[in-house]
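What follows is a set of notes on a single structure, which appears directly below.
2 protein chains.
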Amino acid sequence: MTEQEILEGIKNQNPQVLAKTMSLFESQKDSDKKLAAKILHQIEKDDYPTRVLGITGTPGVGKSTFLNGFVDSLVQRGNKVAILTIDPSSEKTGGSILGDKTRMTDLIKHENVFIRPSASRAMLGGVSANTRDLITLCEAASFDYIFVESVGIGQSEVQLAKIVDFLLLFLAPGGGDDLQGIKKGVLEFTDLLIVNKKDLGKTLALQTASLYGQSLENEPCVISALEKEGFEKVQQQIDSFYEKEDLAKIRFEKRKDFFWTRVESDVIQLIHKLKASDKLNKVLEKYLAKKYDLRKAIRKILKFI
Amino acid sequence: MTEQEILEGIKNQNPQVLAKTMSLFESQKDSDKKLAAKILHQIEKDDYPTRVLGITGTPGVGKSTFLNGFVDSLVQRGNKVAILTIDPSSEKTGGSILGDKTRMTDLIKHENVFIRPSASRAMLGGVSANTRDLITLCEAASFDYIFVESVGIGQSEVQLAKIVDFLLLFLAPGGGDDLQGIKKGVLEFTDLLIVNKKDLGKTLALQTASLYGQSLENEPCVISALEKEGFEKVQQQIDSFYEKEDLAKIRFEKRKDFFWTRVESDVIQLIHKLKASDKLNKVLEKYLAKKYDLRKAIRKILKFI
Chain A
0 MTEQEILEGI KNQNPQVLAK TMSLFESQKD SDKKLAAKIL HQIEKDDYPT
50 RVLGITGTPG VGKSTFLNGF VDSLVQRGNK VAILTIDPSS EKTGGSILGD
100 KTRMTDLIKH ENVFIRPSAS RAMLGGVSAN TRDLITLCEA ASFDYIFVES
150 VGIGQSEVQL AKIVDFLLLF LAPGGGDDLQ GIKKGVLEFT DLLIVNKKDL
200 GKTLALQTAS LYGQSLENEP CVISALEKEG FEKVQQQIDS FYEKEDLAKI
250 RFEKRKDFFW TRVESDVIQL IHKLKASDKL NKVLEKYLAK KYDLRKAIRK
300 ILKFI
Chain B
0 MTEQEILEGI KNQNPQVLAK TMSLFESQKD SDKKLAAKIL HQIEKDDYPT
50 RVLGITGTPG VGKSTFLNGF VDSLVQRGNK VAILTIDPSS EKTGGSILGD
100 KTRMTDLIKH ENVFIRPSAS RAMLGGVSAN TRDLITLCEA ASFDYIFVES
150 VGIGQSEVQL AKIVDFLLLF LAPGGGDDLQ GIKKGVLEFT DLLIVNKKDL
200 GKTLALQTAS LYGQSLENEP CVISALEKEG FEKVQQQIDS FYEKEDLAKI
250 RFEKRKDFFW TRVESDVIQL IHKLKASDKL NKVLEKYLAK KYDLRKAIRK
300 ILKFI
């Protein structure tokens with residue numbers, strides 16, 4: 000495909016072109032990277048009307064169940080929705096651990112829903128520079144909503160917050176002291192707290208919401224994703240965010256911040272490539288043979304980057 | 000302290016010197032880094048008799064309770080034990096989330112137990128190059144056992160496995176499909192699986208052990224850390240590992256592998272420092288103003304590293 004064909008296809012929401020462009024963005028080939036950068040340069044802007052929402056929370060908290068029901072109601076109201084799921088990868092095999100199949104079975108049939116699982120290989124904290132590019136692509140293709148779902152706790156949420164407009168953190172009712180410690184870190188980046196599984200015990204769910212929600216600007220939502228209860232409240236909070244905030248400004252600041260994540264990610268990819276080179280392995284050998292100390296060895300390596 | 004004083008103090012297990020040297024290793028000052036590299040160069044070797052064990056598992060699974068009891072029995076038998084806990088840090092504040100206090104209250108009083116919490120700030124996957132250096136220091140100070148405890152799931156375990164001899168993964172009985180996906184990634188790097196909380200239900204604990212233990216070489220241990228039950232089995236597995244394996248070879252390979260993590264970590268620290276520089280910010284501004292595409296901007300940045 001030529002640059003022009005790709006740009007046309009994106010504009011016309013051609014699903015084949017979208018899928019091919021996503022593969023182009025993920026490619027490690029130098030010519031592909033060059034073309035991808037050209038396309039991104041043309042479509043990247045901070046004022047697309049698309050709503051870009053992040054979904055995070057520990058495994059099993061009900062993120063997929065929520066998406067399955069919530070996105071269904073969005074589509075019923077005429078919206079086009081893209082779902083980008085970030086799949087933790089195995090470092091040893093390089094393959095995906097969870098597999099490609101998503102658990103959002105009801106959504107796969109919808110023609111206005113586009114689901115793309117992307118492996119988190121070679122990334123910092125689970126979210127890749129590539130995920131940011133896929134968002135831009137879906138914005139340019141005029142999706143109304145983009146959901147980026149990330150599995151895991153800790154570092155990955157920090158990166159996720161940088162690439163979405165609005166971050167939804169899912170909690171289950173309860174949770175020990177240990178868990179709280181980690182959640183507090185994530186809470187700093189959370190826009191909306193959602194306590195799911197109200198069906199398992201309303202009192203505990205409300206307690207959890209009030210305990211963790213204290214420090215947040217927006218009132219937490221207590222829902223039951225399973226029983227599709229509480230979705231309107233979530234929708235209201237999202238609507239209210241998009242009505243009152245200066246979106247282009249928020250996005251510009253986040254893009255600026257995320258630029259450094261891209262630089263880090265590129266440098267790490269570069270190091271991975273260089274590992275195989277003779278020159279660098281000679282430095283490593285000298286360190287292992289105690290001819291260089293660590294500092295000297297690393298300095299030598301940095302010269303090659 | 001001079002280099003000579005530090006080396007003497009380590010050899011004599013002087014606790015003040017050890018604590019000061021750890022602070023030296025954590026220092027970001029260039030002169031401190033230089034001295035730290037010199038000291039490490041002299042004490043780093045692959046055949047210390049110290050046993051270096053990694054402890055990992057999701058929050059609340061009972062890692063601290065296990066350590067509290069297990070280390071107590073090691074100390075009763077005359078061992079000197081160091082515990083390095085990795086503390087998830089908050090990116091925004093730079094401070095520690097869990098705080099310095101450990102929950103291993105019984106151990107703090109022991110004179111033969113040395114506990115050091117280290118924040119995971121500015122690291123890849125929770126484990127820092129610094130943690131590896133603290134291990135080397137404790138080896139040189141003739142500790143019999145070093146436990147490195149890491150909170151979290153996913154990427155951090157991969158790094159942890161590279162700096163310890165033997166990785167213990169803690170699971171609770173049960174666990175959903177979601178959770179299994181992540182655990183499978185960690186299982187690749189696990190030496191011994193420990194299913195804790197047998198007291199909550201023996202049958203489910205045994206099922207969990209057999210389900211997750213299939214792919215592992217060593218037989219899983221089902222224990223109750225709370226009731227100090229099953230500790231001998233864990234000790235036997237550890238003993239057997241150290242009796243049969245070529246430790247120096249394993250450690251050499253891991254050190255080689257971890258070298259690249261050090262390089263990545265150093266480069267990222269470098270980028271963090273450079274962020275503040277005018278030259279780099281000019282490049283960023285040109286990218287934001289659409290004068291450079293992303294690829295060109297990153298290339299320009301890389302020239303300054």
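If you're matching them up, the sequences are chains A and B in order.
All letters in the first sequence, in the order written, are residues 0 to 304 by numbering that gives the first Met the number 0.
All letters in the second sequence, in the order written, are residues 0 to 304 by numbering that gives the first Met the number 0.
A virtual CB, placed ideally from N, CA and C, is assigned to each residue, including glycine.
This structure is a prediction, so every number in the text was calculated from the model and none was measured.
Here DSSP, grouped into helix, strand and coil, assigns Glu187 of chain B to coil. In chain order, Leu293 and Ile297 make up the part of chain B whose C-beta sits under 8 angstroms from the C-beta of Arg261 of chain A.
In the three-state scheme derived from DSSP, where H, G and I count as helix and E and B as strand, Ala81 of chain B is classed as strand. Cβ contact annotation for Lys285 of chain A (same chain, cutoff 6 angstroms, sequence separation greater than five): Tyr291, in chain order.
Considering only beta carbons, the part of the region 45–61 of chain B lying closer than 7 angstroms to chain A consists of Pro58 and Gly59, in chain order. Taking 8 angstroms as the threshold, the shortest C-beta distance from Ile300 of chain B to chain A falls below it. Inclusion of Ile249 of chain B and Leu136 of chain B in the CB contact set at 8 angstroms is not warranted, their separation being larger than that value. Each of B:Leu186, B:Thr189, B:Lys44 and B:Pro219 was checked against the Cα of Lys197 of chain B, and the nearest Cα belongs to B:Pro219.
For Ile54 of chain B, no alpha helix (DSSP H) segment is defined; the enclosing uninterrupted segment is the beta strand (DSSP E) at Arg50 to Gly56. Under the 8 angstroms criterion on CB atoms, Tyr286 of chain A is classed as interfacial with respect to chain B. Secondary structure note for Leu34 of chain B: it is in no beta strand (DSSP E), and the uninterrupted alpha helix (DSSP H) holding it is Asp29 to Ile42. Straight across, the Cα-Cα distance linking Ala247 of chain A with Arg50 of chain A is about 12 angstroms. Between the beta-carbon of Leu170 of chain B and that of Ser214 of chain B there is about 14 angstroms, and that puts the pair past the 8 angstroms contact cut.
Relative to Leu301 of chain B, the option among A:Asp277, A:Gln41 and A:Asp265 whose CA is nearest is A:Asp265. Using beta-carbon distances, Leu170 of chain A does not count as an interface residue toward chain B, since no partner is under 8 angstroms.
Lys255 of chain B reaches chain A at Leu283 and Leu287, counting residues in chain order whose Cβ is nearer than 8 angstroms.
With fewer than 16 other CB atoms across the displayed protein chains lying within 10 angstroms of its CB, Asp29 of chain A is exposed. When DSSP states are grouped into helix, strand and coil, Ser26 of chain A belongs to the coil group.
Within its own chain, the residues whose Cβ lies closer than 7 angstroms to the Cβ of Thr64 of chain B, once the five positions on either side in sequence are excluded, are Ala224 and Leu225, listed in chain order. Under the three-state reduction of DSSP, Arg298 of chain A is assigned to helix. Approximately 6 angstroms separates the beta-carbon atoms of Phe69 of chain A and Phe230 of chain A; this is inside 8 angstroms, confirming the contact.
Counting only the Cα atoms, Ser149 of chain B lies some 8 angstroms from Gly53 of chain B. With a beta-carbon spacing of about 6 angstroms, Tyr144 of chain B and Leu73 of chain B fall inside the 8 angstroms limit used to define contacts.
Rounded to whole angstroms, Ser127 of chain A and Gly59 of chain B show a C-alpha spacing of 29 angstroms. With a threshold of 8 angstroms between beta carbons, Val266 of chain A makes contact with chain B. Setting aside the 5 residues that flank it on each side, Leu6 of chain A is surrounded in the same chain by Ile38, Gln41 and Ile42, each with a C-beta closer than 8 angstroms to its C-beta; the list follows chain order. For His40 of chain B, the residues of chain A that pass the 8 angstroms Cβ criterion are Lys289, Asp292 and Leu293, in the order they occur in the chain. The Cβ atoms of Thr189 of chain A and Leu166 of chain A sit closer than 8 angstroms to each other. Within chain B, not a single residue places a beta-carbon under 8 angstroms from that of Ala275 of chain A; the smallest gap is close to 11 angstroms. Residues Val221 of the same chain have their beta carbon placed closer than 7 angstroms to that of Leu205 of chain A, with the five preceding and five following residues left out of the count. CA-CA distance, Leu66 of chain B to Lys281 of chain B, rounds to 51 angstroms. The alpha carbon of Ile85 of chain B has as its nearest neighbour, out of B:Phe146, B:Leu34 and B:Glu110, the alpha carbon of B:Phe146.
When C-alpha distances from Arg294 of chain B are compared across A:Asn13, A:Val16 and A:Ala35, the shortest belongs to A:Ala35.
The alpha-carbon separation between Gln236 of chain B and Asn217 of chain B amounts to approximately 8 angstroms.
Taking the beta carbon of Ala224 of chain B as reference, no residue of chain A falls within 8 angstroms; the closest one sits roughly 14 angstroms away. Residue pairing by DSSP places Tyr211 of chain B in no beta bridge whatsoever.
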